Amino acid sequence: MGLDITWAVDWVRRSAQVVSDHRIELITLDREIGDGDHGENMDRGFQAVLPKLDDLHAGSTPGDVLKLVATTLISTVGGAAGPLYGTAYLKAAVAAGDSVSLDAEAIAGILTAARDGIVLRGKAEPGDKTMVDAWTPAVDAATAAAADGADALGALQAAASAAWEGAAATEPLVARKGRASYLGERSAGHRDPGAESSALLLQAAADAAAA
Ligand code: ADP
Ligand code: MG
Ligand code: MG
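With the UniProt record's numbering, the residue at position 135 of the sequence shown is 135, and numbering never jumps.
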């Protein structure tokens with residue numbers, strides 16, 4: 001079964017909840033290798049999206065929800081993550097188009113578009129210790145799951161679990177992009193905060209699909 005507007009709205013609500021629940025953890029991670037604001041930035045952004053969900057109407061699509069998230073994150077999150085996530089959700093919205101229901105292939109398509117948007121904006125490569133290190137394995141896993149005949153839920157579960165592995169795998173890496181790169185070798189031994197928040201958001205997407 002495909003994922004519709006109900007899923008998209010639930011994804012946003014769960015994202016806001018999970019980012020709020022992990023606010024301190026994201027701040028702590030960013031304090032180790034950045035400026036300590038990632039949890040606050042993300043929490044502010046997703047809290048700002050919640051009241052805007054009331055503007056949706058009966059004919060709204062998952063793409064409309066993704067666009068709402070994009071514009072809100074761009075105007076409220078700031079820092080590196082605001083424009084990066086903003087671009088990700090905007091590209092995902094374009095990929096979703098005016099579909100009312102997203103199957104596994106469409107889910108793999110929106111995740112691919114999101115990741116490509118992050119790369120276009122931030123120019124990070126896999127292994128640079130950024131959110132790309134969560135998104136790239138997630139995209140690969142979702143694409144493979146869709147090709148293997150998984151449904152949309154299965155594609156998202158594969159994406160989320162690969163994103164968690166990708167986030168954990170950033171720990172030994174030396175950062176080559178973003179604020180953490182200023183630390184050089186000293187950035188090794190800490191998990192990238194943006195990779196962690198990406199895994200949280202993808203897990204929220206899978207949980208919304210399972211609900
Ligand atoms: P800032 O670094 O401006 O304070 P945040 O703390 O909100 O912004 O976000 C930091 C996260 O942004 C990093 O953990 C990393 O995942 C991500 N990031 C930074 N620069 C890039 C980039 N060029 N490409 C992809 N992701 C990046
Ligand atoms: Mg920061
Ligand atoms: Mg900052």
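Built from N, CA and C at the ideal position, the CB exists for glycine as well. Here the structure is a predicted model, which is why all the values come from computation and not from measurement.
Can you tell me which of the three DSSP states residue i falls into?
{"i": "L183", "result": "helix"}
{"i": "L173", "result": "coil"}
{"i": "L90", "result": "helix"}
Does residue i pass the burial test, meaning 16 or more other C-beta atoms within 10 Å, or should it be called exposed?
{"i": "H57", "result": "exposed"}
{"i": "I107", "result": "buried"}
{"i": "Y85", "result": "buried"}
{"i": "T6", "result": "exposed"}
{"i": "K129", "result": "buried"}
{"i": "D30", "result": "buried"}
{"i": "D54", "result": "exposed"}
{"i": "Y89", "result": "buried"}
Excluding the 5 residues preceding and the 5 following residue i in the sequence, name in chain order all residues of the same chain whose CB lies nearer than 8 Å to its CB.
{"i": "Q203", "result": "V18, A160, A163 and W164"}
{"i": "S20", "result": "D43, F46 and Q47"}
{"i": "D98", "result": "T61 and G63"}
Considering only their Cβ atoms, is the gap separating residue j from residue i smaller than 9 Å?
{"i": "V132", "j": "R115", "result": "yes"}
{"i": "H38", "j": "G194", "result": "yes"}
{"i": "R179", "j": "G78", "result": "no"}
{"i": "L102", "j": "D207", "result": "no"}
{"i": "E105", "j": "A146", "result": "yes"}
{"i": "A124", "j": "A92", "result": "no"}
Using a Cβ-Cβ cutoff of less than 6 Å, which residues in the same chain neighbour residue i once the five nearest sequence positions on both sides are dropped?
{"i": "I27", "result": "G36 and G39"}
{"i": "L68", "result": "K52"}
{"i": "H190", "result": "E32 and I33"}
If you drop the 5 nearest sequence neighbours on each side, which residues of the same chain put their C-beta closer than 7 Å to that of residue i?
{"i": "P83", "result": "I74 and R121"}
{"i": "G154", "result": "A104 and A145"}
Go through the region 28-96 residue by residue and report every complete run of the alpha helix (DSSP H) that reaches 4 residues or more, in order.
38-52, 62-76 and 81-96
Any chance you could list the alpha helix (DSSP H) runs of at least 4 consecutive residues sitting entirely within the region 121-153, in chain order?
132-147
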